[in-house]
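Sequential numbering of the sequence shown, starting at 1, is according to full-length UniProt numbering.
Virtual Cβ for every residue (Gly too), placed ideally from N, Cα, C.
Just so we're clear, the structure is a prediction, and the values are computed from it rather than from any experiment.
What follows is a set of notes on a single structure, which appears directly below.
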Amino acid sequence: MPSERPRTESARVNRPRRAAQRENRRELRVATGTDAETKKKIIAEYATKDGDTGSPEVQVALLSHRIAHLTEHLKEHKHDHHSRRGLLLLVGQRRRLLNYMQKEDINRYRSIVERLGLRR
Numbered sequence: 001m002p003s004e005r006p007r008t009e010s011a012r013v014n015r016p017r018r019a020a021q022r023e024n025r026r027e028l029r030v031a032t033g034t035d036a037e038t039k040k041k042i043i044a045e046y047a048t049k050d051g052d053t054g055s056p057e058v059q060v061a062l063l064s065h066r067i068a069h070l071t072e073h074l075k076e077h078k079h080d081h082h083s084r085r086g087l088l089l090l091v092g093q094r095r096r097l098l099n100y101m102q103k104e105d106i107n108r109y110r111s112i113v114e115r116l117g118l119r120r
């Protein structure tokens, strides 16, 4: 009977690292996502009427919160280019909403910019 070679563990070596990477991704989603409580507070603070979740003010406030979280994440993880692209998309969306508000109602626009402390 031929002697059995010892099994190499090379296939198993990468598994824990991959599992750890998956955990890091989960933590990233939790860290950058807006939890339900925070979202409700932001909606209540910026809503124009009861049950308002889609007004430009609410959308801009929610986007600003997500942008702030992603900015903090990118300060620590400078090479996370996928999140950087997501940040740029969020900033562009917020800019378009603010341009719409500026065009439609300048007073509401000035109010939201002042309340959020945006440099525009």
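Between the C-alpha atoms of L98 and A61 there is a straight-line separation of about 11 Å. In the three-state reduction of the DSSP assignment, T38 falls in the helix class, which pools H, G and I. For the pair of segments examined, the stretch 74–94 was found not to touch the stretch 46–55: the number of CB pairs separated by less than 8 Å stays below three.
Taking 8 Å as the cut-off, the Cβ atoms of L90 and I67 count as close.
Put simply, the backbone Cα of L63 is about 58 Å away from that of R5.
Note on L118: under 16 other CB atoms within 10 angstroms of its CB, so exposed under the neighbour-count rule.
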